[in-house]
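Trainee: Residues in the sequence shown are numbered consecutively from 23, following the working numbering.
Idealized CB from N, CA, C, for every residue including glycine.
Got a structure for you, questions after.
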Amino acid sequence: MLISDFEIIKYDELDSTQDEVYRLWRQNHKSKIVVLAKHQTAGRGRNKKVWESPEGSLYFSMLLHSHDLDNFFTEQLFLPLVVGLSLLELLKNISVNCLIKWPNDIIYEDKKLAGVLCEKKDDAYIVGVGINVMTAPIDSAISLSKILKADMPKLDHLLTSFLEVFLRRLNCTNKFEIQKELNSFLYGKNEKAFFGNELVFIQGISDDGGLIILNGEKSVTLYSGEKVTLIRKLL
23 MLISDFEIIK YDELDSTQDE VYRLWRQNHK SKIVVLAKHQ TAGRGRNKKV WESPEGSLYF
83 SMLLHSHDLD NFFTEQLFLP LVVGLSLLEL LKNISVNCLI KWPNDIIYED KKLAGVLCEK
143 KDDAYIVGVG INVMTAPIDS AISLSKILKA DMPKLDHLLT SFLEVFLRRL NCTNKFEIQK
203 ELNSFLYGKN EKAFFGNELV FIQGISDDGG LIILNGEKSV TLYSGEKVTL IRKLL
């Protein structure tokens, strides 16, 4: 796939770029679309969490079909993690070095800079991305403007650069190289954390995108985004 294969549709305001992509898809719109909004009134993250979406940051969603993806990209958690790696590469190119917090957040110095939401709709996937560019809506987040202070990239440039990186990564069929890269940039790897009330040790990412933790002497793989809290974040 190439960027030229996609139609980019821009809005000043939407309830949610995810919902708009879904509406267009239901209306039999062309399959390869990207929806971009300056402001969302009902943006959301995983598990129906609210994604604060003030104007000045980057919010977009894109539609992908299963037949455009290698089989392992359609596994439960692998696609959002590959989106995350694409964001890491994009940000590194503007001298912002981040980590991936499993399963869908991009972290800069312990604060959230970006988030990913992937939703399956029949044979299609809607991939949503939000990057805090000008503002960070909550204390636990950070924006590019605070990190870079000057030489801020344009939103259109960020979008185009992301699409270039992400579409190139979709052509990579070496699953284990991707897994290795994910483990190199995993936030909290080799650290102690709480999983519920239990003390665990974060080991890494499995070959199907799960989070491997060590609970006592038992290795457990998590798949549904259960809350794992680093101990140092509680201090």
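How about Phe216 and Ile122: are their beta carbons less than 8 Å apart?
Mentor: The answer is no: Cβ separation not under 8 Å.
Trainee: Hey, Gly150 and Thr39: beta-carbon distance below 8 Å or not?
Mentor: Yes.
Trainee: Please work out which residues of its chain come closer than 8 Å, Cβ to Cβ, to Leu192, disregarding the five sequence neighbours upstream and downstream, and give them in chain order.
Mentor: Contacts found: Met23, Asp90, Leu91, Asp92, Phe95 and Val104.
Trainee: Comparing the C-beta of Ser228 with each C-beta of chain C, is any distance below 8 Å?
Mentor: The chain labelled as chain C is not found in the depicted structure, where only one protein chain is given.
Trainee: Would Leu257 be called buried (16 or more neighbouring beta carbons within 10 Å of its own) or exposed?
Mentor: Note that Leu257 scores a pLDDT of 39, beneath 50, so its modelled location is shaky; the value from the coordinates is reported in the next line. Classification of Leu257: exposed, given that the 10 Å Cβ count is below 16.
Trainee: Please say whether Lys60 and Glu29 have beta carbons closer to each other than 8 Å?
Mentor: For Glu29 and Lys60, no; Cβs fall outside 8 Å.
Trainee: Assign Gly152 to buried or exposed, taking buried as 16 or more other Cβ atoms, counted over all protein chains shown, within 10 Å of its Cβ.
Mentor: Looking at its Cβ environment, which holds 16 or more other Cβ atoms inside 10 Å, Gly152 is buried.
Trainee: Out of curiosity, what's the CA-to-CA distance linking Pro76 and Phe82?
Mentor: One C-alpha to the other measures close to 13 Å.
Trainee: Between Leu80 and Leu180, which are expected to be in contact by the criterion C-beta below 8 Å, what is the C-beta distance as a whole number of angstroms?
Mentor: Contact flag correct, Cβ pair sits at about 5 Å.
Trainee: Cα separation between Glu111 and Val187?
Mentor: If you take the alpha carbons of Glu111 and Val187, they lie about 7 Å apart.
Trainee: Where do the ends of the beta strand (DSSP E) carrying Asp144 lie?
Mentor: Unbroken run through Asp144: none, as it is neither H nor E.
Trainee: Between Leu170 and Glu213, what straight-line distance do the alpha-carbon atoms span, to the nearest angstrom?
Mentor: Whole-angstrom Cα-Cα distance: 29 Å.
Trainee: Between the beta-carbon of Ile164 and the beta-carbon of Tyr209, is there less than 8 Å?
Mentor: No; because the gap between Cβ atoms is not below 8 Å, this pair is not in contact.
Trainee: Using the C-alpha atoms, what's the distance from Pro159 back to Met174?
Mentor: Roughly 18 Å between the two C-alpha positions.
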